[in-house]
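The sequence shown begins at 1194 in the numbering used here and counts up one residue at a time. Reviewing the structure listed below.
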Amino acid sequence: MSHHTTSSKIKFYFDFLSPYSYLAWTWVRESDLNIEAVPVVLAQVIHHYETKGPAEIEPKRNYLWKHCLRSAKSRNIPFVMPAKLPFNSSLALRMAIAAKGDFKVIDALFRTAWEKGLDLGDPEIILNLPECSSLDEVASSKECRRELKQNVAQAIENKVFGTPTFLVGEELFWGDDSKRDLFNFLRGEDLLDQKQFKHFTESFGRE
């Protein structure tokens, strides 16, 4: 197994549409981790696995809203309902790509939806952001659209199934609440027993 440290490169797969991506972002932006922000279209990732997103199952959706609200409240994080949900996050994702992962741009976009409660699917709202006003031409280019598709393909290849996902080498950590496990892994203090994990994966479905 490769040795990783807190300076290891970490791919952060996210979609602005995902409330958990926003909650994770609030600690990612404050950390000193070596983060590579990778915007992806969550719906396309979910569709690849031929499953329903959490928002498509009403009891699960309602539970997740409770969980998000409790989590945000306990951490004093602003968390409001965007004006429209779901919204089309494609332009916002391409803005993040056009900005080459600039944290200031990503932060402004997340805050617009989940702190200010605006419709991040509205191009006018995005283009009125000072951080994004000069990025429209690049974000609308064929190259930028192609890169977003490549990000989704790369995510699926790396076995990403939801957002937010943190990828360190070949190890995935999914969800805002995976922070503790991620940091333990980076410190060489992973609590996962690999022998037990292998037993579970090989035994599942066995008759």
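All C-beta atoms, glycine included, are put in the ideal place defined by N, C-alpha and C.
My parser needs the alpha helix (DSSP H) runs of 4 or more residues fully inside the region 1228-1256; what are they?
For the alpha helix (DSSP H) assignment, the uninterrupted runs of no fewer than 4 residues enclosed by the region 1228-1256 are, from N- to C-terminal side, 1235-1241.
Can you list the alpha helix (DSSP H) stretches of 4 or more residues lying completely in the region 1313-1359, in chain order?
Along the length of the region 1313-1359, whole alpha helix (DSSP H) runs at least 4 residues long occupy 1316-1320, 1329-1332 and 1335-1350, reported in chain order.
Among the residues of its own chain, which have a CB less than 6 angstroms from the CB of Pro1224, if the five just before and after it don't count?
Indexing the sequence shown from 1 puts residue 1224 at position 31. The residue you asked about is not Pro; residue 1224 is Ser in the sequence shown. None.
Just to confirm before moving on: does the CB-CB distance between Lys1372 and Trp1220 stay below 8 angstroms?
The residue given as residue 1372 occupies position 179 in the sequence shown. The residue given as residue 1220 occupies position 27 in the sequence shown. Yes. Within cutoff.
Quick check: Ser1283 and Val1234, are their CB atoms within less than 8 angstroms of each other?
Along the sequence shown, one-based indexing puts residue 1283 at 90. Along the sequence shown, one-based indexing puts residue 1234 at 41. Result yes, Cβ atoms of Ser1283 and Val1234 sit closer than 8 angstroms.
Buried or exposed for Ser1274, going by 16 or more other Cβ atoms inside 10 Å?
Position 81 of the sequence shown, counted from the start, is the residue given in the question as residue 1274. The question names Ser, but residue 1274 in the sequence shown is Met. The residue in question, Met1274, is exposed, as its Cβ has fewer than 16 Cβ neighbours within 10 Å.
How would you call Lys1342, buried or exposed, if buried means at least 16 neighbouring beta carbons within 10 angstroms?
Here residue 1342 corresponds to residue number 149 of the sequence shown, with the count starting at 1. When all chains shown are included, Lys1342 counts as exposed.
Sorry if obvious, but does the Cβ on Pro1252 come closer than 7 angstroms to a heavy atom of the ligand SAM?
For the structure depicted, the ligand SAM is absent and the ligand set is empty, with no information on it obtainable.
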